[in-house]
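Following my numbering, the numbering of the sequence shown begins with 24 at its first residue and continues without gaps.
Beta carbons: idealized from backbone N, C-alpha and C, even for Gly.
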Amino acid sequence: MPEPASTFGAGIDSIYYIILWITGAIFVLVETALIVFIIRYRHREGRVAAYSHGNKKAEIVWTVIPFILVLFIVYASNDIWLEVKRADQGGAAPADALPLRVVAKQFEWNVTYPGPDGELDTADDFVKRNQLHVPIGRAVRIDLGSEDVIHSFFLPDFRVKQDAVPGMTIPVWFEATRTGEFPLACAELCGLGHYRMRASLTVHEAADFDLWQSQEIAASGSPTGASEIDTERANEAEISEGEESA
Ligand SMILES: [Cu+2]
24 MPEPASTFGA
34 GIDSIYYIIL
44 WITGAIFVLV
54 ETALIVFIIR
64 YRHREGRVAA
74 YSHGNKKAEI
84 VWTVIPFILV
94 LFIVYASNDI
104 WLEVKRADQG
114 GAAPADALPL
124 RVVAKQFEWN
134 VTYPGPDGEL
144 DTADDFVKRN
154 QLHVPIGRAV
164 RIDLGSEDVI
174 HSFFLPDFRV
184 KQDAVPGMTI
194 PVWFEATRTG
204 EFPLACAELC
214 GLGHYRMRAS
224 LTVHEAADFD
234 LWQSQEIAAS
244 GSPTGASEID
254 TERANEAEIS
264 EGEESA
């Protein structure tokens, strides 16, 4: 797995490894038993098969052991899920989180930035297509939506994966711990162009993020103009490619 780039990345990995060790050990046991049985009970002249009509003791054992294992996995992963989903805090992101809106559609990600005032749905918001930019060391809250079908917002390096469902706004949060460029991919087969529904996530130093935001606003002329230009370009690109719609 890629080196984690979010605060809860290592915690998510620890659940993976716990499950991998449990299922790995069971896999080895089952395959070993299979091979032993194949050899030991192979066909021999004159030997007749014995028929079993069930064994209560065996059934109890193979029900209770998985039950205990699943309970253990629930217990072992509870803390990290509470941190990721924040269910005990209404599912909200940390209070000082940077708010962003990500709307998926076939086959792109549109990201709305709050602009200098740090608030969405104000005049200085601007939209970028397939470009997610965030500052390091600050929680980011993403209001995730979809315009058409179900997509899945997947940041492998951050161990973040969340379905984007039309008609719903689903909050996602994470805090980056490394600067750099990372992939954002769609992890739900959403049509013919699914394979190219990718974007990049750039993690900036805090000051560089503010600089980037002001450059974007300056480059677009007016704070609100950017979204229209981007949408127009997107439409042109789609028409000229002409392979769309699933
Ligand atoms: Cu998609």
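It is roughly 19 Å from the alpha-carbon of Ala73 to the alpha-carbon of Ile58.
No residue range can be given for Val71, since it is assigned to no alpha helix (DSSP H) and is classified by DSSP as neither H nor E. Under the DSSP assignment, Ile45 falls in the alpha helix (DSSP H) whose first and last residues are Gly32 to Arg63. Between Pro137 and Asp148, the beta carbon gap of about 6 Å places them in contact (Cβ cut-off 8 Å). When secondary structure is reduced to three states using DSSP, Ala208 falls in the strand class. Taking the Cα positions, Glu204 is about 15 Å away from Arg182.
In the assembly as shown, Ile49 is an exposed residue. Its beta-carbon has fewer than 16 other beta-carbons within 10 Å.
Assigned with DSSP and collapsed to three states, Asn133 falls in strand. Taking 3 residues as the shortest admissible run, the segment 167 to 192 contains the following complete beta strand (DSSP E) segments, listed from N- to C-terminal end: 174 to 178 and 183 to 187.
By the criterion of a C-beta distance shorter than 6 Å, Thr135 is surrounded in its chain by Arg124, Asp148 and Val150, once the five residues flanking it on both sides are discounted. Scanning its chain for C-beta atoms nearer than 7 Å, with the 5 sequence neighbours on each side dropped, one finds around Thr202 the residues Ile159, Val226, His227 and Glu228, in chain order.
For Phe149, the beta-bridge partners assigned by DSSP are Tyr136. Here the alpha carbons of Gly69 and Gln185 stand approximately 59 Å from one another. Lys79 and Asp166 have their C-alpha atoms spaced approximately 51 Å apart.
By the 16-neighbour rule on beta-carbons within 10 angstroms, Gly47 is exposed. Here Pro194 is near Arg164, since their CB atoms are less than 8 Å apart.
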